[in-house]
Amino acid sequence: MNVLIVDDDPLARERLSRMVGELEGYSVLEPSATNGEEALALIDSHKPDIVLLDIRMPGLDGLQVAARLCERETPPAVVFCTGPDEFAVEALQASAVGYLVKPVRTEHLHDALKKAERPNRVQLAALTRPAAESGNGPRSHISARTRKGIELIPLNQVVYFIADHKYVTLRHESGEVLLDEPLKALEDEFGDRFVRIHRNALVARDRIERLQRTPLGHFQLFLKGLNGDALIVSRRHVAGVRKMMQQL
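In the UniProt record's numbering, the protein residues as written are 1 to 248.
Written as structure tokens, this is what we have:
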């Protein structure tokens, strides 16, 4: 079985490579990948059987790479590698995706590789997309790096996205997280579930409660789950919001 290692930490890559090389029946593909973009390119060119995939990486993180792999007809088996304090561990357990907690122990690595079977499309779909999706639809969860680690936010719990400088604030039922994904990319992916109400704001269509004009002539949109708080709707988007609300 050919194994591709994906980790931005050179010491972690070296250690995993040595450990895999000592196990009978597995060979490490070279070069390893240092980030998500490299991982996808190497998976396309080398067709590994198993990918040992770090979760926390610059650029595309491990969960985003898994979402991309879910689009493939024959994705490799994925075993996530995560720190002991990662919030995602519970989610990985629930979705039955293989995972290893750093620092990885040889016996745990061996067990995870043994359990990693192709195809694992259903496993990846359980974490990142609805199981019924063909692979071309949007994610069912959004991953965010927080002090807890990697936090998975179910899309149906998202109330709005608001862009501020280079970050986007995601407001959900239990709080807020910061994303480094562009607002336009989120609109392109989730446009059927979110509507733009301002150049810097997208709101969940099913969270819209009412549109109200203020005494000063501004428009406010009240959303379910915000406890009476409202967002400003720009004049440019008022007509579109009204039309959309009539269709709800």
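Note that the Cβ used here is the ideal one computed from N, Cα and C, for glycine as well. Note that this is a predicted model, so its numbers are computed, not measured.
Same chain, Cβ closer than 6 Å to residue i, neighbours up to 5 away in sequence not counted
| i | result |
| --- | --- |
| valine 20 | Val3, Tyr26, Val28 |
| serine 174 | none |
| arginine 145 | none |
| leucine 109 | Met19 |
| glutamine 157 | His172, Glu173 |
Residue i burial status per 10 Å Cβ neighbour count (16 or more: buried)
| i | result |
| --- | --- |
| alanine 94 | Only weak support exists for where alanine 94 lies, its pLDDT of 43 falling under 50; the value from the coordinates is given anyway. Classification of alanine 94: exposed, given that the 10 Å Cβ count is below 16. |
| tyrosine 167 | exposed |
| glutamate 22 | exposed |
| alanine 185 | exposed |
| histidine 165 | exposed |
| isoleucine 153 | buried |
| threonine 106 | exposed |
| leucine 202 | buried |
| glutamate 151 | buried |
| proline 130 | Confidence in proline 130 is poor, its pLDDT being 41 and thus under 50, which makes the residue's placement too unreliable to answer from. |
| threonine 214 | exposed |
| serine 45 | exposed |
| threonine 82 | buried |
| glycine 228 | exposed |
| glycine 98 | buried |
Where residue i falls: helix, strand or coil (DSSP)
| i | result |
| --- | --- |
| glycine 21 | helix |
| aspartate 54 | strand |
| leucine 248 | coil |
| alanine 132 | Reliability fails at alanine 132, whose pLDDT of 37 lies under 50, so the model's placement of it is uncertain and the value that follows must be treated cautiously. Reduced to three states, the DSSP call for alanine 132 is coil. |
| alanine 66 | helix |
| glutamate 187 | helix |
| alanine 230 | strand |
| histidine 165 | coil |
| proline 154 | strand |
| valine 104 | coil |
| glutamate 176 | strand |
| glutamate 71 | coil |
| arginine 199 | coil |
| leucine 113 | helix |
| glutamate 181 | coil |
| glycine 59 | coil |
| serine 45 | helix |
Test item: CB-CB of residue i and residue j under 8 Å
| i | j | result |
| --- | --- | --- |
| serine 140 | glutamine 64 | no |
| phenylalanine 161 | leucine 178 | no |
| glycine 62 | aspartate 49 | no |
| asparagine 200 | alanine 163 | yes |
| arginine 68 | leucine 40 | yes |
| valine 101 | proline 76 | no |
| residue 249 | alanine 112 | Since the first and last residues shown for the chain are 1 and 248, residue 249 lies out of range. |
Integer-rounded CB distance, given that residue j should sit under 8 Å from residue i
| i | j | result |
| --- | --- | --- |
| arginine 18 | isoleucine 5 | With a Cβ gap of about 10 Å, arginine 18 and isoleucine 5 do not count as contacting. |
| isoleucine 197 | histidine 237 | 5 Å |
| alanine 230 | glutamine 220 | 4 Å |
| arginine 147 | valine 159 | The Cβ separation is near 21 Å, so there is no contact. |
| arginine 60 | glutamate 37 | Here residue 60 is leucine; the residue named in the question, arginine, does not match the sequence. Yes, they are in contact, since the Cβ atoms of leucine 60 and glutamate 37 sit about 6 Å apart, within 8 Å. |
Same chain, Cβ closer than 8 Å to residue i, neighbours up to 5 away in sequence not counted
| i | result |
| --- | --- |
| proline 58 | Asp8, Asn35 |
| leucine 155 | Pro138, Arg139, Ser140, His141, Ile142, Phe190, Arg193 |
Own chain partners of residue i with C-beta closer than 7 Å, once the 5 adjacent residues on each side are dropped
| i | result |
| --- | --- |
| arginine 210 | Phe222 |
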